[in-house]
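Encoded as structure tokens, the structure appears first; notes follow it.
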Amino acid sequence: MLKFIVRRLIQLVPVLIGVTLLVFSLMHFIPGDPAQVLAGESATPQQIEAVNERLGLNDPYPVQYFRYMSNLVQFDLGNSLRSGLPVSEMIGDRIWVTVELAFYSTILSIFLGIIAGVLAATKHGSFRDSAIMVVALFGMSMPNFWLGLVLIQWFVLGNVPILGNWLNFEWFSPTGWGSFSQIVLPVFMLGISGAAIIARMTRSSMLEVIHQDYIRTARAKGVKERVVIYQHALKNALIPVITVTGLSFGSLLGGAVLAESVFAINGMGRMIIDAISTRDFPVMQGGILVASLLFVLVMFLVDIAYRLVNKRVEAE
43 MLKFIVRRLI QLVPVLIGVT LLVFSLMHFI PGDPAQVLAG ESATPQQIEA
93 VNERLGLNDP YPVQYFRYMS NLVQFDLGNS LRSGLPVSEM IGDRIWVTVE
143 LAFYSTILSI FLGIIAGVLA ATKHGSFRDS AIMVVALFGM SMPNFWLGLV
193 LIQWFVLGNV PILGNWLNFE WFSPTGWGSF SQIVLPVFML GISGAAIIAR
243 MTRSSMLEVI HQDYIRTARA KGVKERVVIY QHALKNALIP VITVTGLSFG
293 SLLGGAVLAE SVFAINGMGR MIIDAISTRD FPVMQGGILV ASLLFVLVMF
343 LVDIAYRLVN KRVEAE
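Numbering (the numbering used here), first residue to last: 43 to 358.
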């Protein structure tokens, strides 16, 4: 296992370098001039040129990238063009809000998805199977932002008065960044689509596993059906679900941008949106880079979990 982890870490190095190169390059193709933003709309061409010279934006692309990587190695993401604050501090203040939101959404997706997938697979072809798959298809097709607006209309604007007082509770969050409506509702908004994907994957995997010979043998020996399903079949059926869960967490980091905008949450996603609207390139670069690194880290942990669950996987 140690060799496997070391090999995966070595393989991550070119991936991370590629991520930094892609993020840095994309910022140069986005319309807008950071020097113009920093100098102001009424700035003269001479003032804009002076800002470009001061920021090093007139340097060749390789020189700018090398300078960017040199600062990145020192954990220096630069300063915001708008506020002048260090980008690393701005991200540090908001990243845990986004991570917490994505983490809770992933837990909800796993919980609902696995239960729904198992219930559908154990009654294959029945009305329950069809109903669960229809609901899952609806959950995959439904736009997240629309669901968020519906939740706000129902719960926040008072159409469900029985929950009125609960919506103002300042609990449930270790970081203490929001009330019930600011945490549970966006988590539900993001978790539904992930739960639908996991449910469909769990059902397909379970249907494949429960027809294996060892499942027939366990049933022939008189093992209780509950034990056969949850201790024998589900364990092996979860192997492909692990990968889907990791990808789901990565997509939820991106979906947090919508959730934070809809529910007015001061997370990293909303910070990136604000930076895009104001052409604050250092904040955009730092936020997208950190989100990408989080996704790479999650997929690394998924590789380890996949090997722990499936002992047949050999280290490549």
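A virtual CB, placed ideally from N, CA and C, is assigned to each residue, including glycine.
Asked	Found
So what's Pro-102 in DSSP terms, helix, strand or just coil?	coil
Decide if the region 301-319 is in contact with the region 258-266; the criterion is three or more beta carbon pairs, one per stretch, under 8 Å apart.	no
Identify, in the order they occur along the chain, each residue of the same chain with its Cβ nearer than 8 Å to the Cβ of Glu-250, setting aside the five sequence neighbours on each side.	Ala-279
Hey, would you say Pro-324 sits closer than 7 Å to Val-129, going by beta carbons?	yes
How big is the Cα-Cα spacing for Met-310 and Leu-336?	12 Å
Under the three-state reduction of DSSP, which class applies to Asn-121: helix, strand or coil?	strand
Rounded to a whole number of angstroms, what is the C-alpha to C-alpha distance between Val-93 and Leu-68?	21 Å
What are the residues that DSSP puts in a beta bridge with Pro-128?	Asn-121
What does a CB cutoff of less than 7 Å around Asp-345 pick up in its chain, not counting 5 residues either side in sequence?	Arg-50
Below 7 Å between beta carbons: does that hold for Gly-155 and Ala-275?	no
With DSSP collapsed to three states, give me the class of Ala-85.	coil
Relative to the alpha-carbon of Ile-52, which residue among Tyr-348, Val-141 and Leu-339 has its alpha-carbon at the smallest distance?	Leu-339
Would you identify the three-state DSSP class for Glu-212, choosing helix, strand or coil?	For Glu-212, the predicted structure reports a pLDDT of 46, less than 50, and the residue's modelled location is therefore unreliable. A value from the coordinates is still provided. Here Glu-212 sits in coil by DSSP.
Based on Cα-Cα distance, which residue from Phe-46, His-70 and Ile-284 lies nearest to Arg-321?	His-70
Using 7 Å as the threshold, is the C-beta distance between Leu-232 and Ala-301 below it?	yes
With 16 as the cutoff for other CB atoms within 10 Å, does Ser-112 come out buried or exposed?	exposed
Can you list the alpha helix (DSSP H) stretches of 4 or more residues lying completely in the region 142-180, in chain order?	none
Just to confirm, is the Cβ distance from Ala-238 to Gly-181 under 7 Å?	yes
Which residue wins for smallest C-alpha separation from Arg-136, given the options Phe-342, Leu-343, Leu-350 and Ala-298?	Ala-298
In angstroms with no decimal places, state the Cα-to-Cα distance between Ile-252 and Asn-186.	34 Å
Excluding sequence positions up to five away, which residues of its chain have a Cβ less than 7 Å from the Cβ of Thr-62?	Met-111, Leu-114 and Leu-331
State the start and end residues of the unbroken alpha helix (DSSP H) segment that holds Tyr-272.	Taken as a continuous stretch (DSSP letters only), Tyr-272 belongs to no alpha helix (DSSP H), as it is neither H nor E.
Applying the criterion that 16 or more other CB atoms from any shown protein chain within 10 Å of the CB defines a buried residue, is Leu-327 buried or exposed?	According to the sequence as given, residue 327 is Gln; it is not Leu. Gln-327 comes out buried.
By the three-class DSSP mapping on this structure, what secondary structure does Ile-252 have?	coil
In whole angstroms, what is the alpha-carbon distance linking Phe-230 and Ile-90?	46 Å
Are there 16 or more other CB atoms within 10 angstroms of the CB of Gly-159, so buried, or fewer, so exposed?	buried
Identify, in the order they occur along the chain, each residue of the same chain with its Cβ nearer than 7 Å to the Cβ of Ala-347, setting aside the five sequence neighbours on each side.	Ile-284
With Thr-148 and Gly-236 assumed to form a contact (beta carbons below 8 Å), what rounded beta-carbon distance in angstroms separates them?	7 Å
To the nearest whole angstrom, what separates the beta carbons of Ile-133 and Gly-329, a pair I think is in contact under 8 Å?	6 Å
Under three-state DSSP, which class holds Val-14?	No statement about residue 14 is possible, as the shown extent of the chain runs from 43 to 358 and does not include it.
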